[in-house]
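Below is one structure, written out as structure tokens, with a few remarks after it.
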Amino acid sequence: MGCNKVVVKMNQWIGIAISGILSGIAASLGLGGGTVLLIYLTAILSCGQMQAQGINLIFFIPIAVISIILHAKSKLIKWKIAFATAISGIIGAIAGWYVSGLIENQWLSKIFAGLLLILGIRELFSKKQPKNPKKQTQ
Amino acid sequence: MKQSGKQKHIILKYLGGSTVGFINGLLGAGGGMLAVPLLKKLGLETKESHATSIAVILPLSLFSCILYLTSGRVTLGDALPYIPFGIIGALIGAWLMPRISTILLRRIFGGFMIWAAIRLLLK
Chain A
6 MGCNKVVVKM NQWIGIAISG ILSGIAASLG LGGGTVLLIY LTAILSCGQM
56 QAQGINLIFF IPIAVISIIL HAKSKLIKWK IAFATAISGI IGAIAGWYVS
106 GLIENQWLSK IFAGLLLILG IRELFSKKQP KNPKKQTQ
Chain B
297 MKQSGKQKHI ILKYLGGSTV GFINGLLGAG GGMLAVPLLK KLGLETKESH
347 ATSIAVILPL SLFSCILYLT SGRVTLGDAL PYIPFGIIGA LIGAWLMPRI
397 STILLRRIFG GFMIWAAIRL LLK
């Protein structure tokens with residue numbers, strides 16, 4: 006359980022650096038960066054699912070703040086929709102946190118694996134989006 | 297926008313939003329990947345959806361994070377070593393976003409997710 010120690014050994018820093026940078030890139034591209042770190046923590050380091058989820062959530066916050074500032078400069082963020090979706094999401098987040106406390110670590114890990122499998126297949130076979138399709142109607 | 301379309305839009309926004317929040321709270325991840333297709337359905341372009349998904353997930357993660365920390369499931373120190381590297385990655389990613397086609401990245405990422413899923417299922 007290498008993940009329990011706050012003081013980490015030199016060779017562990019390599020894993021931390023690689024997973025941290027890759028997660029940061031994926032997170033800021035909106036590809037689900039949290040997932041990269043969570044995969045590293047659970048599938049490679051064998052952390053407890055609950056602890057790994059918590060690490061992942063904390064990790065995401067500074068990364069998200071930076072990404073949002075930079076994307077906002079590129080005018081890629083639609084604030085109105087983001088706000089409305091986030092407000093309804095908070096209710097879901099509380100429910101999700103509560104339910105996660107009722108489920109055993111082992112099962113949470115399987116649910117996560119199931120979600121990864123579905124989304125992974127989706128990503129793998131994702132189609133290229135047409136560039137700015139011309140609007141037919143006036 | 298037509299009336300029925302507008303209603304559908306609103307339902308999708310709120311129902312979709314709470315599902316994204318639920319998954320993010322339950323699994324501590326994955327909310328963003330659900331938020332992207334939701335935002336596309338709501339009419340945003342691909343890159344806008346990817347960028348906006350982060351703005352949707354940030355408040356949700358902040359909320360979930362406080363719940364995880366106060367219930368003692370994790371400590372700040374556990375996550376600390378990863379953060380400086382994550383910030384470097386975030387800067388690279390934000391620089392890349394307007395410059396690249398994400399399709400290849402998505403394929404690579406999809407393969408990686410499937411590998412991880414199988415590994416976790418067999419554990």
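Line by line, the protein sequences give chains A and B. Residues are numbered in my numbering as their position in the first sequence, beginning at 1, plus a constant of 5. Residues are numbered in my numbering as their position in the second sequence, beginning at 1, plus a constant of 296. Each residue gets a CB set at the ideal place from its N, CA and C atoms; glycine is no exception.
Just checking my contact of residue i with residue j at CB under 8 angstroms: how many whole Å lie between their CB atoms?
{"i": "L322 (chain B)", "j": "S105 (chain A)", "result": "5 angstroms"}
{"i": "I95 (chain A)", "j": "F359 (chain B)", "result": "6 angstroms"}
{"i": "L401 (chain B)", "j": "L36 (chain A)", "result": "6 angstroms"}
{"i": "L124 (chain A)", "j": "M393 (chain B)", "result": "About 20 angstroms; that fails the 8 angstroms criterion."}
{"i": "V41 (chain A)", "j": "A31 (chain A)", "result": "5 angstroms"}
{"i": "S153 (chain A)", "j": "A390 (chain B)", "result": "Chain A is shown only over 6 to 143; residue 153 (chain A) falls outside these bounds and no answer can be derived."}
Mind listing the chain B neighbours of residue i? Cutoff is C-beta to C-beta under 7 angstroms, in chain order.
{"i": "M55 (chain A)", "result": "R369"}
{"i": "L50 (chain A)", "result": "Those do not exist, as L50 (chain A) stays about 11 angstroms from chain B at its closest Cβ, beyond 7 angstroms."}
How would you list, in chain order, the residues of chain A whose beta-carbon sits under 9 angstroms from the beta-carbon of residue i?
{"i": "T348 (chain B)", "result": "G35, H76, L81, I82, K83, W84, I86, A87, T90"}
{"i": "R403 (chain B)", "result": "E128, L129, F130, S131"}
If you compare alpha carbons, which of the options is closest to residue i?
{"i": "V316 (chain B)", "options": "B:K343, B:Q303, B:P355", "result": "B:P355"}
{"i": "K85 (chain A)", "options": "B:A331, B:T366, B:A351", "result": "B:A351"}
{"i": "L121 (chain A)", "options": "B:E344, B:M329, B:L392", "result": "B:M329"}
{"i": "G406 (chain B)", "options": "A:F117, A:S24, A:L129, A:W102", "result": "A:L129"}
{"i": "I388 (chain B)", "options": "A:I116, A:L75, A:N61", "result": "A:L75"}
{"i": "S314 (chain B)", "options": "A:E109, A:N16, A:F88", "result": "A:F88"}
{"i": "T47 (chain A)", "options": "A:A69, A:I71, A:K83, A:I116", "result": "A:I116"}
{"i": "A347 (chain B)", "options": "A:W102, A:A69, A:L113", "result": "A:A69"}
{"i": "I404 (chain B)", "options": "A:S131, A:S114, A:G97", "result": "A:S131"}
{"i": "K83 (chain A)", "options": "B:I307, B:L417, B:A413, B:E341", "result": "B:E341"}
{"i": "G324 (chain B)", "options": "A:L62, A:C52, A:Q17", "result": "A:L62"}
{"i": "L363 (chain B)", "options": "A:G101, A:S28, A:G20, A:F65", "result": "A:G101"}
{"i": "L34 (chain A)", "options": "B:S345, B:A412, B:A413", "result": "B:S345"}
{"i": "R395 (chain B)", "options": "B:I384, B:S349, B:K343, B:K419", "result": "B:K343"}
Show which residues of chain B have a CB atom less than 9 angstroms away from the CB atom of residue i.
{"i": "I19 (chain A)", "result": "Within 9 angstroms Cβ-Cβ: nothing; I19 (chain A) doesn't reach chain B, min ~11 angstroms."}
So residue i contacts chain A; which residues on that side make the cut at Cβ distance below 7 angstroms?
{"i": "I261 (chain B)", "result": "This structure gives no information on residue 261 (chain B), because the portion of chain B shown stretches from 297 to 419."}
{"i": "T315 (chain B)", "result": "G97"}
{"i": "K343 (chain B)", "result": "L81"}
{"i": "L400 (chain B)", "result": "Chain A residues near L400 (chain B): none, gap ~10 angstroms exceeds 7 angstroms."}
In chain A, which residues lie with their C-beta within 8 angstroms of the C-beta of residue i?
{"i": "I307 (chain B)", "result": "Ordered by position in chain A, no residue passes the 8 angstroms Cβ test against I307 (chain B), which lies about 10 angstroms from the chain."}
* **Complete runs of the alpha helix (DSSP H) confined to the region 60–117 of chain A [at least 4 residues]** => The region 60–117 of chain A contains these whole alpha helix (DSSP H) runs: 84–107.
* Asked: What are the complete alpha helix (DSSP H) segments, minimum 4 residues, inside the region 314–391 of chain B?
  -> The qualifying runs are 327–337, 342–366, 372–375.
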